[in-house]
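Trainee:
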Amino acid sequence: MDPTRAFVRSVKRVVVKVGTAVVTRSDGRLALGRLGALCEQLKELNNRGYEVILVTSGAVGLGKQRLRYRRLANSSFSDLQNPQYELDGKACAAVGQSSLMALYDIMFSQLDVTSSQLLVNDGFFRDADFRKQLTDTVHSLLDLRVIPIFNENDAVSTRKAPYEDSSGIFWDNDSLAGLLALELKADLLVLLSDVEGLYSGPPSDPKSKLIHTYVKEKHHSKITFGDKSRLGRGGMTAKVNAAVCAAYSGTPVIITSGYTNDNIMRVLQGERIGTVFHKDAHLWTSIKEITAHEMAVAARDSSRRLQNLKSEDRKKILLDVAAAIEKNESEIRIENAADVADAEEAGYERSLISRLTLRPEKIASLVKSVRNLADMVEPIGQILKRTELADKLTLEKISCPLGVLLVIFESRPDALVQIAALAIRSGNGLLLKGGKEAKRSNAVLHKVITSAIPDTVGGKLIGLVTSREAIPDLLKLDDVIDLVIPRGSNSLVSQIKDTTKIPVLGHADGICHVYVDKAANINVAKQIARDAKTDYPAACNAMETLLVHQDLSGNGGLDELIAELKRAGVQLYGGPRASALLKIAETKSFHLEYSSLACTIEIVDDVFAAIDHIHHHGSSHTDCIVTEDSEVAETFLRQVDSAAVFHNASTRFCDGARFGLGAEVGISTSRIHARGPVGVEGLLTNRWVLRGNGQIVDGDRNVTYTHKQLPVVA
Numbered sequence: 001m002d003p004t005r006a007f008v009r010s011v012k013r014v015v016v017k018v019g020t021a022v023v024t025r026s027d028g029r030l031a032l033g034r035l036g037a038l039c040e041q042l043k044e045l046n047n048r049g050y051e052v053i054l055v056t057s058g059a060v061g062l063g064k065q066r067l068r069y070r071r072l073a074n075s076s077f078s079d080l081q082n083p084q085y086e087l088d089g090k091a092c093a094a095v096g097q098s099s100l101m102a103l104y105d106i107m108f109s110q111l112d113v114t115s116s117q118l119l120v121n122d123g124f125f126r127d128a129d130f131r132k133q134l135t136d137t138v139h140s141l142l143d144l145r146v147i148p149i150f151n152e153n154d155a156v157s158t159r160k161a162p163y164e165d166s167s168g169i170f171w172d173n174d175s176l177a178g179l180l181a182l183e184l185k186a187d188l189l190v191l192l193s194d195v196e197g198l199y200s201g202p203p204s205d206p207k208s209k210l211i212h213t214y215v216k217e218k219h220h221s222k223i224t225f226g227d228k229s230r231l232g233r234g235g236m237t238a239k240v241n242a243a244v245c246a247a248y249s250g251t252p253v254i255i256t257s258g259y260t261n262d263n264i265m266r267v268l269q270g271e272r273i274g275t276v277f278h279k280d281a282h283l284w285t286s287i288k289e290i291t292a293h294e295m296a297v298a299a300r301d302s303s304r305r306l307q308n309l310k311s312e313d314r315k316k317i318l319l320d321v322a323a324a325i326e327k328n329e330s331e332i333r334i335e336n337a338a339d340v341a342d343a344e345e346a347g348y349e350r351s352l353i354s355r356l357t358l359r360p361e362k363i364a365s366l367v368k369s370v371r372n373l374a375d376m377v378e379p380i381g382q383i384l385k386r387t388e389l390a391d392k393l394t395l396e397k398i399s400c401p402l403g404v405l406l407v408i409f410e411s412r413p414d415a416l417v418q419i420a421a422l423a424i425r426s427g428n429g430l431l432l433k434g435g436k437e438a439k440r441s442n443a444v445l446h447k448v449i450t451s452a453i454p455d456t457v458g459g460k461l462i463g464l465v466t467s468r469e470a471i472p473d474l475l476k477l478d479d480v481i482d483l484v485i486p487r488g489s490n491s492l493v494s495q496i497k498d499t500t501k502i503p504v505l506g507h508a509d510g511i512c513h514v515y516v517d518k519a520a521n522i523n524v525a526k527q528i529a530r531d532a533k534t535d536y537p538a539a540c541n542a543m544e545t546l547l548v549h550q551d552l553s554g555n556g557g558l559d560e561l562i563a564e565l566k567r568a569g570v571q572l573y574g575g576p577r578a579s580a581l582l583k584i585a586e587t588k589s590f591h592l593e594y595s596s597l598a599c600t601i602e603i604v605d606d607v608f609a610a611i612d613h614i615h616h617h618g619s620s621h622t623d624c625i626v627t628e629d630s631e632v633a634e635t636f637l638r639q640v641d642s643a644a645v646f647h648n649a650s651t652r653f654c655d656g657a658r659f660g661l662g663a664e665v666g667i668s669t670s671r672i673h674a675r676g677p678v679g680v681e682g683l684l685t686n687r688w689v690l691r692g693n694g695q696i697v698d699g700d701r702n703v704t705y706t707h708k709q710l711p712v713v714a
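Residues in the sequence shown are numbered consecutively from 1, following UniProt numbering.
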């Protein structure tokens, strides 16, 4: 939980205010989807024991829409030739209020929730008896688990102008919500808007930044407000005024978007969304808010200092990192054990817990991989190609880091070590966001690794992102971050690809196949199939589908393969042909990554049918053929379009360390830049250095191009 949201733990009574811009669409019609999501969230809060009070706008807009339709239906042709006159706002409010409340009643009734309507005017609150009666009524409703719905009775309002009020007690539904929060002693006021929260300037301005915590002394004079709400009376100015008034009187306020279907729930879970207003916010200055942009820029600046070091100094950093991990192994395992215990208590799948666990042998393997990286040939500044363009004009192609990497990974703390070591070796800045399941492990590993980075480079070379809410901001930083590498589920990778302009490197699935040909040595096939499935079932390079040539079903080969897998404890599911023949359960889908001791088996006609199956159902990750027929093997190796294709070898060999890359940031199934296990080389690009002697182009009149390839000088 974000420390600036810790107060939500004690929230019992919450007031939610929804504005006209959330309740209605841009054409003035009701936004039924958003209203439905709002009601479902309030129902869930009600079920969890929260006392919920709703303040709603939208009656005037809804009434205006209905009256315009009614006037159009009742107009003669000559009436339609005349300019439309402005509808009376109070008449619109009177018509719209009943319609709005009827809609809330229908929606809440469908959710088995009872709601009630309370219309108020500003003048009522000047009467102490009214205020007491209002409080008593609301308390009675809340005791009965009824949701009170408030709205200002605009039909009989004494307001003289949009932002003026005859009594000055409240001037719109935002200030009404603030007043009710104080009057009813709410623990939290949530103001739902059509933007994510309060920005430093108009939200449409790319330079505007979301303010996560409002400090009056800091922000009041520096904020430039945009236009007011397109439909309601208020806008962000009204929300901020109401929020400041309520917060500094003792009720915390959060302004957040009502366009997101679960934002109220996320607020009450303590997530860092929207803008918080709190009377003690000025005391939180010790909790420094480092923006996503600042973190990325710091990583970039540190990476440039890292590149300026001598090769032996960069090597020493990696050796120091390895030594620090060894020295702090006990602390690392204690924090990791706490993560594992939490995961087991939460009922996570065994495959996730396996990926999460840092056993002694895994830590030793990580230390070894870091030292192997340190011993690699220096990758930065290598001259890849030299060309003489003309006399005394030499062009060099030189390797260099990509810049800043953003790596998002789930539940694998060992990935943090590998990725950090690769970033250091390749001279890149790095931002890491690990899964919440490994938060303690990630935190201690990050602390240990950055402690080994000298001050001349700075620990900000590797930033650890701890809040999920920071990810959308990071994915917008295509001017600072050069590559995003997601490691995790299909949904994670797909979501990131859909929400960023930054190049994304990675794979969405690991649907790996082993095809056993009719010419296979059956003992070799049994060994490979067993290893590919059982060596590490949760790995992305584990076998998920075993394809078997049809001839093996008649000569006993298929039976031997099945017996071998069953002895290893593998649960088998069949395709249509295999399930019918073997009398086993049929798989729901061929495109299925089990990540456990389970796999699909199917019978195919020949190598070409196997290739077609892989292309149709695979994920272009790693696929293997087992055969003694070299011609069939070459057909498979040539035609299977995957990042890695093997002959008579387990798919588990598809790994950066096993390929001699030292480590890997992931396995890419992309076809641009890097493919397969991505080590140091995949994190480099190149630049061109031209060395001349005063040459100019001048229309190429005095240049004689030679384009002669020169030997590369180490």
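No residue lacks a Cβ here, since even glycine has one placed at the ideal position from N, Cα and C.
The structure displayed is predicted, hence computed values, not measured ones.
(1) Quick check: what's the CA-CA separation for residue 452 versus residue 629?
(2) Suppose only complete runs of 4+ residues qualify. What are the alpha helix (DSSP H) ranges in the segment 412-445, listed by chain order?
(3) Which residue from 707, 12 and 18 puts its Cα closest to that of residue 391?
(4) Give me, in chain order, the residues of the same chain whose beta-carbon lies closer than 6 Å to that of residue 624; leave out the 5 immediate sequence neighbours on both sides.
(5) In its own chain, which residues sit with a C-beta less than 6 Å from the C-beta of residue 442, not counting the 5 before and 5 after it?
(6) With a threshold of 16 other CB atoms inside 10 Å of the CB of residue 710, please say whether the residue is buried or exposed.
(7) So what's residue 612 in DSSP terms, helix, strand or just coil?
(8) For residue 677, report the span of its beta strand (DSSP E) as first-last.
(9) What does the Cβ neighbour count give for residue 672, buried or exposed, with the cut at 16 atoms within 10 Å?
(10) Measuring straight from C-alpha to C-alpha, what distance separates residue 100 and residue 490?
(11) To the nearest whole angstrom, what separates the beta carbons of residue 600 and residue 544, a pair I think is in contact under 8 Å?
(12) So residue 382 packs on residue 398, CB below 8 Å; how close in whole Å?
(13) For residue 194, count neighbouring Cβ atoms within 10 angstroms of its own Cβ and tell me buried if that reaches 16, exposed if not.
(14) Look at the alpha carbon of residue 459 and the alpha carbon of residue 302, and state the distance between them as a whole number of angstroms.
(15) To the nearest angstrom, how far is the alpha carbon of residue 371 from that of residue 365?
(16) Between the beta-carbon of residue 537 and the beta-carbon of residue 597, is there less than 8 Å?
(17) Using a Cβ-Cβ cutoff of less than 6 Å, which residues in the same chain neighbour residue 254 once the five nearest sequence positions on both sides are dropped?
(18) First and last residue of the beta strand (DSSP E) that includes residue 457?
(19) Take residue 641 as the anchor and find which of 666, 665, 658 and 610 has the nearest alpha-carbon.
(20) Would you give the residue range spanned by the beta strand (DSSP E) that residue 34 belongs to?
(21) Pull the bridge partners of residue 151 from the DSSP assignment, please.
(22) Going residue by residue through the segment 263-299, where are the continuous alpha helix (DSSP H) segments of at least 4 residues, counting only ones entirely within it?
(23) Along the chain, which unbroken stretches of the beta strand (DSSP E) at least 3 residues long are found entirely within the segment 653-710?
(24) Label residue 660 either buried or exposed according to how many other C-beta atoms from any shown protein chain fall within 10 Å of its C-beta, with 16 as the threshold for buried.
(25) Helix or strand or just coil, what does DSSP make of residue 112?
(26) Run through the DSSP bridge pairs and tell me what residue 626 is partnered with.
(27) Cα separation between residue 692 and residue 703?
(28) Just the C-alpha distance for residue 676 and residue 241, rounded to the nearest angstrom, thanks.
(29) Take residue 13 and list the residues in its own chain whose beta-carbon comes closer than 6 Å to its own, dropping the five residues that flank it on each side.
(30) Taking the alpha carbon of residue 432 as the point to measure from, which residue in 584, 54, 404 and 34 has its own alpha carbon closest?
(31) What are the boundary residues of the beta strand (DSSP E) that includes residue 599?
(32) Where does residue 392 sit, in a helix, a strand or coil, going by DSSP?
(33) Residue 485 bridges to which residues according to DSSP?
(34) Looking only at its own chain, which residues have a Cβ that is under 7 Å from the Cβ of residue 282, when we skip the five neighbours before and after it?
(35) If I'm right that residue 498 touches residue 549 with Cβ under 8 Å, what's the distance once you round it to whole angstroms?
(36) So residue 410 packs on residue 488, CB below 8 Å; how close in whole Å?
Mentor: Once the coordinates are examined:
(1) Taking the sequence shown and counting its residues from 1, one reaches residue 452 at position 452. Taking the sequence shown and counting its residues from 1, one reaches residue 629 at position 629. If you take the alpha carbons of residue 452 and residue 629, they lie about 52 Å apart.
(2) 413-426
(3) As a working note, residue 391 is residue 391 in the sequence shown. Taking only the C-alpha atoms, the option nearest residue 391 is 707.
(4) Taking the sequence shown and counting its residues from 1, the one referred to as residue 624 is at position 624. If we look at residue 624 and ignore the five residues flanking it on each side, its Cβ neighbours are 514, 646 and 651.
(5) On the sequence shown, residue 442 is found 442 positions in, with the first residue counted as 1. Taken in chain order, the residues that qualify are 413, 416 and 434.
(6) In the sequence shown, counting from the first residue as 1, residue 710 sits at position 710. Classification for residue 710: exposed.
(7) Counting from one through the sequence shown, the residue named residue 612 turns up at place 612. Note: residue 612 maps to helix in three-state DSSP.
(8) Position 677 of the sequence shown, counting from 1, holds the residue named residue 677. First-last of the beta strand (DSSP E) with residue 677: 676-678.
(9) As a first step, residue 672 must be located in the sequence shown, where it is residue number 672. That one is exposed.
(10) In the sequence shown, counting from the first residue as 1, residue 100 sits at position 100. In the sequence shown, counting from the first residue as 1, residue 490 sits at position 490. Taking the straight line joining both Cα atoms gives about 41 Å.
(11) On the sequence shown, position 600 is the one that residue 600 refers to. On the sequence shown, position 544 is the one that residue 544 refers to. Yes, they are in contact, since the Cβ atoms of residue 600 and residue 544 sit about 7 Å apart, within 8 Å.
(12) Residue mapping note: residue 382 aligns to position 382 of the sequence shown, counting from 1. Residue mapping note: residue 398 aligns to position 398 of the sequence shown, counting from 1. Contact flag correct, Cβ pair sits at about 7 Å.
(13) Taking the sequence shown and counting its residues from 1, the one referred to as residue 194 is at position 194. Classification of residue 194: buried, given that the 10 Å Cβ count is 16 or more.
(14) Here residue 459 refers to the residue found at position 459 when the sequence shown is read from its first residue. Here residue 302 refers to the residue found at position 302 when the sequence shown is read from its first residue. Each residue's Cα considered, the two are about 8 Å apart.
(15) Residue numbering aside, residue 371 sits at position 371 when the sequence shown is read from its first letter. Residue numbering aside, residue 365 sits at position 365 when the sequence shown is read from its first letter. Their Cα atoms are separated by approximately 10 Å.
(16) In the sequence shown, residue 537 corresponds to position 537, counting from 1. In the sequence shown, residue 597 corresponds to position 597, counting from 1. Yes; because the gap between Cβ atoms is below 8 Å, this pair is in contact.
(17) Along the sequence shown, one-based indexing puts residue 254 at 254. Hits under 6 Å: 190, 267, 274 and 276.
(18) The residue labelled residue 457 in the question sits at position 457 within the sequence shown. Unbroken run through residue 457: none, as it is neither H nor E.
(19) As a first step, residue 641 is located in the sequence shown; it is residue number 641 there, counting from the start. For the residues 666, 665, 658 and 610, the minimum Cα distance to residue 641 belongs to 610.
(20) As a first step, residue 34 must be located in the sequence shown, where it is residue number 34. Residue 34 -> not in any beta strand (DSSP E); alpha helix (DSSP H) instead, spanning 32-47.
(21) For the purposes of this step, residue 151 is taken as the residue at position 151 of the sequence shown. Looking at the DSSP assignment, residue 151 forms a beta bridge with 119.
(22) 263-268
(23) 666-668, 676-678, 684-691 and 708-710
(24) For this step, residue 660 is matched to residue 660 along the sequence shown. Exposed: under 16 other Cβ atoms inside 10 Å.
(25) Your numbering for residue 112 matches position 112 in the sequence shown. Coil, per DSSP.
(26) Within the sequence shown, residue 626 is the residue found at index 626, counting from 1. Bridge partners of residue 626: 516.
(27) Within the sequence shown, residue 692 is the residue found at index 692, counting from 1. Within the sequence shown, residue 703 is the residue found at index 703, counting from 1. Residue 692 and residue 703: Cα-Cα distance of roughly 12 Å.
(28) Here residue 676 refers to the residue found at position 676 of the sequence shown. Here residue 241 refers to the residue found at position 241 of the sequence shown. Residue 676 and residue 241: Cα-Cα distance of roughly 55 Å.
(29) Counting from one through the sequence shown, the residue named residue 13 turns up at place 13. Hits under 6 Å: 51, 186 and 187.
(30) Here residue 432 refers to the residue found at position 432 of the sequence shown. For residue 432, the nearest C-alpha among the options comes from 404.
(31) Position 599 of the sequence shown, counted from the first residue, corresponds to residue 599. Per DSSP, residue 599 belongs to the beta strand (DSSP E) from 598-604.
(32) Walking along the sequence shown from the start, residue 392 turns up at place 392. Coil.
(33) To locate residue 485, count along the sequence shown from 1; it is residue 485. Paired residues: 407.
(34) For the purposes of this step, residue 282 is taken as residue 282 along the sequence shown, with counting starting at 1. These residues qualify, in order along the chain: 215 and 217.
(35) Here residue 498 refers to the residue found at position 498 of the sequence shown. Here residue 549 refers to the residue found at position 549 of the sequence shown. About 40 Å; that fails the 8 Å criterion.
(36) Here residue 410 refers to the residue found at position 410 when the sequence shown is read from its first residue. Here residue 488 refers to the residue found at position 488 when the sequence shown is read from its first residue. Contact flag correct, Cβ pair sits at about 4 Å.
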